[in-house]
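In this text, residue positions in the sequence shown follow my numbering: the first is 4, and each later residue adds one.
Shown next, in structure tokens, is the structure this report addresses.
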Amino acid sequence: MAIRNVISTLTASGEEVMGPDVLLYHYPGNDIMNGSLLTVESNHFCVLKSRGAILNCYETGQYQVDTPQRVLVGAIQQAFYGGQSPWQYEAIYVNRAKLVIRAEGQALSREMAQLRYQVDYYIHVDSKDDALKLVQHMPYQGHFIKTSEVNTYAAPVLEQSINQICQVTPLEQINERIHDITDLVTAHLQEFLNTYGITLNNVKVLVAPADELMKKLISLRAFGLDEEHAIRYYIAMLMADRGLITAPNMISGTGFTIQGASPLVETGEYLKPPAEPAKR
């Protein structure tokens, strides 16, 4: 009689293996045999395989592993394993809860200015058919597929979608087209993830200049300043941070005077070519 051991996603200490960053978990034990009980939690699917072939996909509940045995296989089990054949069955658990993934990368504006983007997208596996697609189409090494590995597949799609709009948009107008960028990313990413049985719920995109100076200049332009005045105000802020009393003069574009006189420094002495060393 087969041993009725229980197969689940809980460790020996009762800890859940399927955390918020785990999409797929391959049960690592070799003790799944006829009579074993598969326990499937409410937020999981379980795909049962036998020698590489998919036998069934289970939803929430507890199921007994019970399949007809071939005569030859049964004789080998009886002779070497006392009726039990290790590695005959594999249990692959798929997380059906909503997971969040963050992707970051770089893009270019129309002026070839460097941009940084951050994309947060939410995914889940919706049905048993989708769970089978994931097991069949996304390879894994070890016993897990984590969200970081899904992101490895999705990153090129995100980069291409974002650059498709950013590279034809002036730097100052990038944020005005953030809805267009989000819609394009959502469409391309959903089409791509469907191949793996993954449903895309929603997407959040943030795009900003990579250079801190450009961020500040664009912020100043948002107040209605032209390029020249935006640069003056930025330099004036730097001067004020260093305690220079001439910061207001940088904003107004006027010279610095003390009681009507400009304290200018004679630069002629500094512009002379260096004296040649004396010959001995």
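Beta carbons are placed, not taken as given, at the ideal position from N, Cα and C, and that holds for glycine.
- Note on geometry: alpha-carbon atoms of L40 and L27 lie some 19 Å from one another.
- Taking Q167 as reference, the option from E107, H191, R105, G145 with the minimal CA-CA separation is H191.
- Within its own chain, the residues whose Cβ lies closer than 7 Å to the Cβ of E19, once the five positions on either side in sequence are excluded, are T12, L13, listed in chain order.
- In the DSSP assignment, S11 falls outside any beta strand (DSSP E) and carries neither an H nor an E.
- In the structure shown, S53 falls within a strand segment according to DSSP collapsed to helix, strand and coil.
- In the DSSP annotation of this structure, the continuous segment of the alpha helix (DSSP H) that includes L187 starts and ends at 181-197.
- Relative to the Cα of G22, the nearest Cα in the group N204, Y92, L102, T63 belongs to L102.
- By the CB criterion at 9 Å, V206 and Y156 fall outside the cutoff.
- Under DSSP, Y61 takes part in a beta bridge, and its partners are C49.
- A contact between stretches requires three or more CB pairs, one per stretch, nearer than 8 Å, and the region 160-179 meets this requirement with the region 106-118.
- Within the model, the alpha-carbon separation for M141 versus Y199 is close to 6 Å.
- Of Q67, R99, Y120, the smallest CA-CA separation from P212 is found for Y120.
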